[in-house]
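In the numbering used here, the protein residues as written are 276 to 499.
Glycine included, every Cβ here is placed at the ideal spot set by N, Cα and C.
As the structure is a computational prediction, the values presented were derived from the model and not from experiment.
Written below as structure tokens is the structure these notes are about.
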């Protein structure tokens, strides 16, 4: 209990809620621009399975009229494939880099470090994290939150769909956990003890699962 109270106190003293809001904004922008980029990439490569996955995921994540609007946007937006792919994926990469830099800044403030590293080193490290741990984290989240859309897109049925439905959970959480561990290890000043690192990863995964379940329940009862 004292550890939780101490963490809450440090979060408050470091103005952690402002850092969380900034990170949430960047994460939302990554998802939105990534959606546009995937639609363009599917059209550019003439990859029908990817286009179907994106459309199905749009409907599952945002049911009702919002999901249908995203599906229509995916269909109509496939005409300018190259532009959509470059613009969307490029914006997602920039936003992901800024998000990783925000996480590092938050970690430093929680450790009472008020000076950020030099900009080149800071954003260079954030870029590497975005294309490695960030991509793994997004992949794990997509497998957990939109795994059925992947099965639909690839046309998996019967035993293949059953195996995927079971396997996507441990694989998704393993990817997400490994990505979070790498992020925590890189952005934390010094070398965090193994116990603290493991506790942070488990806490993050638990909170992620709980809030994802709550969001799913909310969408289920408010499909309009």
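Opening and closing residue of the alpha helix (DSSP H) in which residue i lies
i           : result
residue 431 : Segment: none, residue 431 is in no alpha helix (DSSP H) and carries neither H nor E.
residue 400 : 394–404
residue 389 : Residue 389 -> no alpha helix (DSSP H), and no H or E assigned at all.
Cβ separation of residue i and residue j, assumed to be a contact under 8 Å, to the nearest whole Å
i           : j           : result
residue 311 : residue 359 : 5 Å
residue 437 : residue 398 : Contact flag wrong, Cβ pair sits at about 44 Å.
residue 317 : residue 377 : About 30 Å; that fails the 8 Å criterion.
residue 422 : residue 439 : 7 Å
residue 401 : residue 379 : 7 Å
residue 357 : residue 315 : 7 Å
residue 374 : residue 301 : 4 Å
residue 414 : residue 450 : 6 Å
Three-state secondary structure assigned by DSSP to residue i
i           : result
residue 419 : helix
residue 466 : coil
CB contact check: residue i to chain B, cutoff 8 Å
i           : result
residue 425 : Among the protein chains of the structure shown there is no chain B, as only one such chain exists.
Does the stretch 419–438 touch the stretch 380–387, meaning 3 or more C-beta pairs lie closer than 8 Å?
no
Cβ contact check for the stretch 460–477 and the stretch 358–374: 3 or more pairs under 8 Å
no
Do the stretch 442–450 and the stretch 469–477 meet, that is, are 3 or more Cβ pairs less than 8 Å apart?
no
Start-end ranges of the alpha helix (DSSP H) lying completely within the stretch 288–327, minimum 4 residues
291–319
Three Cβ pairs or more, each shorter than 8 Å: is that satisfied between the stretch 409–425 and the stretch 447–460?
yes
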